[in-house]
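Some notes on the structure that comes next.
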Amino acid sequence: MKDNSIQNGLRYAEEKYAEAGVDVNAAAAKADAVSISMHCWQGDDVIGFDGIGALTGGIASTGNYPGRARTAGELRDDIAKALTMIPGRTKLNLHACYAEKNGKNVDRDAYTPDLFDAWVDFATEKGLGLDFNPTFFSHPMMDGNFTLASPKPEVRRFWIEHGKRCREIGLSFSKKLNQPCVVNYWMPDGYKDVCADTFAPRKRMIESLDEIFAAQIDDSLVPCAVESKLFGVGLESYTVASHELSLGYAIRNKKVYCLDAGHFHPTEVISAKITSILCFVDRLLLHVSRGVRWDSDHIVMWDDELQHIMNEIVWNGLTDRVFIGLDYFDASVNRIAAWVIGMRNARKALLWACLVPYEQIRKAEKEGDFTKRLALMENVRTLPFGAVWEAYCANKGIPGDAEWLGIVQSYEREVLSKR
Ligand code: RNT
Ligand code: ZN
Numbered sequence: 266m267k268d269n270s271i272q273n274g275l276r277y278a279e280e281k282y283a284e285a286g287v288d289v290n291a292a293a294a295k296a297d298a299v300s301i302s303m304h305c306w307q308g309d310d311v312i313g314f315d316g317i318g319a320l321t322g323g324i325a326s327t328g329n330y331p332g333r334a335r336t337a338g339e340l341r342d343d344i345a346k347a348l349t350m351i352p353g354r355t356k357l358n359l360h361a362c363y364a365e366k367n368g369k370n371v372d373r374d375a376y377t378p379d380l381f382d383a384w385v386d387f388a389t390e391k392g393l394g395l396d397f398n399p400t401f402f403s404h405p406m407m408d409g410n411f412t413l414a415s416p417k418p419e420v421r422r423f424w425i426e427h428g429k430r431c432r433e434i435g436l437s438f439s440k441k442l443n444q445p446c447v448v449n450y451w452m453p454d455g456y457k458d459v460c461a462d463t464f465a466p467r468k469r470m471i472e473s474l475d476e477i478f479a480a481q482i483d484d485s486l487v488p489c490a491v492e493s494k495l496f497g498v499g500l501e502s503y504t505v506a507s508h509e510l511s512l513g514y515a516i517r518n519k520k521v522y523c524l525d526a527g528h529f530h531p532t533e534v535i536s537a538k539i540t541s542i543l544c545f546v547d548r549l550l551l552h553v554s555r556g557v558r559w560d561s562d563h564i565v566m567w568d569d570e571l572q573h574i575m576n577e578i579v580w581n582g583l584t585d586r587v588f589i590g591l592d593y594f595d596a597s598v599n600r601i602a603a604w605v606i607g608m609r610n611a612r613k614a615l616l617w618a619c620l621v622p623y624e625q626i627r628k629a630e631k632e633g634d635f636t637k638r639l640a641l642m643e644n645v646r647t648l649p650f651g652a653v654w655e656a657y658c659a660n661k662g663i664p665g666d667a668e669w670l671g672i673v674q675s676y677e678r679e680v681l682s683k684r
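Counting from 1 along the sequence shown, just add 265 to a position and that's the residue number in this note's numbering.
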């Protein structure tokens, strides 16, 4: 019965989209070819397992919803559960603090790929690629909030070594899983209050990054990104790796630039930056997040900005040049639902972008017919997207929008509530 209604809905949708000049199957195939990287850190409030226990560095996860993953095993169980409700090609994004030391006495400056063997086995079993991040926060070697830009040479040395180790770990992931591993560098370095020297820390940051990136490691296997930020909590006045610094660094050193949706002034949107930046760097990494008044890392909703981001990527043919990852952490709701909602929304927005007759809209624009451009853009809104989405999920054996919450609720009853 249900299958029948999905098939009927799809037939109707195909007809309606065809009238608008869109081939639903081709659009779905296009959306399917794009990977979305799911951040492991939503599942345990960005704590990790390498022994630190508290989150520092200007980021904060708020809420105390029960069921947080306390071990790597629990986190993998939760991720596996979430994956059963997430359609489309998915990667898993790990942080160095998710190392499993198993009693080994080793610090972040000496991490080796074997500390992540269980993650690689998990990724292999689930058919996932892995992305990676050095963890420049939540650690006693931080000098206040400084890492790579600290005035103390021993602090910089520790974090430079960490940065190097993470490229090596990324390379091993890439080789083992036969696909690129994007390694993203985000450093919280900055000051709470107005400072007297904004220049020297930036020069130190650049020197440290240069050291990290000095070793010859194939960029096509391990593309490395530098993430910018406007400010952090307790670092309100000055951030070393600002937008200008990180973008400038990426341009000059042929790195990937990482745009986080929450890292700009509240009225600035990253969707508006994509094609400008891609005139000067080869590739971008997106941290799709949702700031509410500040970099609050709220769960990604299917809002106008998410749609604009995906439109920019798809309509400009940039799916090979933009890596898409999610970055948020909300501890006030069921954490598996948080992943599922954000990942499904990102995929929906991607599919939607593929289902817009953008060639026609662009033709009208080029011909100067802005009436037609607006009319076509608005007509898209009432096309039967829901029917396409439901069929898209069903084809992959993934529950529809009306079904997944029940699955999360039983998992909460049977597993999370017992933690
Ligand atoms: C922090 C940055 C950074 C982190 C993750 C955990 O503001 O957005 O990307 O959120 O690396
Ligand atoms: Zn980020």
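Glycine included, every Cβ here is placed at the ideal spot set by N, Cα and C.
- Note that the C-beta distance between Leu-413 and Met-470 is below 7 angstroms.
- Excluding residues up to 5 positions away in sequence, Phe-401, Thr-412, Leu-413, Ala-506 lie with their Cβ nearer than 6 angstroms to the Cβ of Met-452 in the same chain.
- With the criterion CB distance below 5 angstroms from any heavy atom of the ligand ZN, the matching residues run Asp-525, His-552, Asp-592 along the chain.
- When Cβ pairs closer than 8 angstroms are counted between the two stretches, the stretch 516–532 is seen to touch the stretch 487–497, the count reaching three or more.
- Short note on Ile-606: C-beta not closer than 6 angstroms to any heavy atom of the ligand RNT.
- At a cut-off of 3 residues, the continuous stretches assigned as beta strand (DSSP E) that sit fully inside the stretch 396–460 are 448–450.
- Each residue's CA atom was taken as its position, placing Glu-655 and Asp-408 some 50 angstroms apart.
- Per DSSP, the continuous beta strand (DSSP E) segment holding Lys-356 begins and ends at 355–360.
- Annotation for Thr-321: Phe-402, Ser-403 place their beta carbon closer than 6 angstroms to its own, counting only its chain and skipping 5 residues before and after.
- Contact between the stretch 307–327 and the stretch 626–634 is absent: fewer than three C-beta pairs spanning the two stretches fall below 8 angstroms.
- About 5 angstroms separates the Cβ atoms of Ala-596 and Ser-326, confirming a contact at the 8 angstroms cut-off.
- Taking all protein chains shown into account, Asn-610 has 16 or more neighbouring C-beta atoms within 10 Å of its C-beta and is therefore buried.
- Per DSSP, Asp-525 is one residue of the beta strand (DSSP E) stretching across 521–525.
- DSSP lists no beta-bridge partner residue for Val-621.
- In terms of Cβ geometry, Met-406 and Phe-423 form a close pair [threshold 7 angstroms].
- Secondary structure note for Ser-473: its alpha helix (DSSP H) is the uninterrupted segment 464–477.
- With a contact defined as Cβ atoms closer than 8 angstroms, Ser-302 and Phe-588 qualify at about 7 angstroms.
- Judged by pairs of C-beta atoms under 8 angstroms, the stretch 287–297 does not touch the stretch 462–477, as fewer than three such pairs exist.
- If you draw a straight line from the Cα of Asn-370 to the Cα of Thr-540, it comes to about 46 angstroms.
- As DSSP reads the structure, Ser-302 sits in a beta bridge with Lys-356, Gly-590.
- Shown here, Thr-584 sits in coil according to DSSP, grouped into three states, outside any helix or strand.
- In this structure, the C-beta of Ile-324 approaches the ligand RNT to less than 6 angstroms from one of its heavy atoms.
- In this model, Pro-664 and Ala-614 are separated by some 18 angstroms (Cα to Cα).
- For Ala-296, the enclosing alpha helix (DSSP H) covers residues 289–297.
- In this structure, the ligand RNT has a non-hydrogen atom nearer than 6 angstroms to the beta-carbon of Asn-398.
- Within the stretch 537–577, the runs of beta strand (DSSP E) that reach at least 3 residues and sit entirely inside it are, in chain order, 549–553, 555–557, 559–563.
- If you ignore the 5 residues before and after Arg-586, its C-beta comes within less than 8 angstroms of the C-beta of Leu-543, Asp-547, Arg-548, Leu-549, all in its own chain and listed in chain order.
- Per the coordinates, the alpha-carbon of Ser-536 lies some 29 angstroms from the alpha-carbon of Thr-463.
- Between the ligand RNT and Trp-654, a heavy atom-to-CB distance of less than 6 angstroms is absent.
- Of the residues assessed, Tyr-277 falls on the exposed side of the cut-off, its CB having fewer than 16 other CB atoms within 10 angstroms.
- In this structure, the ligand RNT has a non-hydrogen atom nearer than 6 angstroms to the beta-carbon of Trp-306.
- Within the model, the alpha-carbon separation for Leu-670 versus Ala-659 is close to 16 angstroms.
- Beta-bridge pairing by DSSP links Leu-500 to Gly-497.
- Exclusion of the five residues before and after Trp-306 leaves His-360, Phe-594 as the residues of its chain whose Cβ lies within less than 7 angstroms of its Cβ.
- Per DSSP, reduced to three states, the secondary structure at Ala-490 is strand.
- Between Met-608 and Ile-351, the C-beta gap is smaller than 7 angstroms, which places the two residues in contact.
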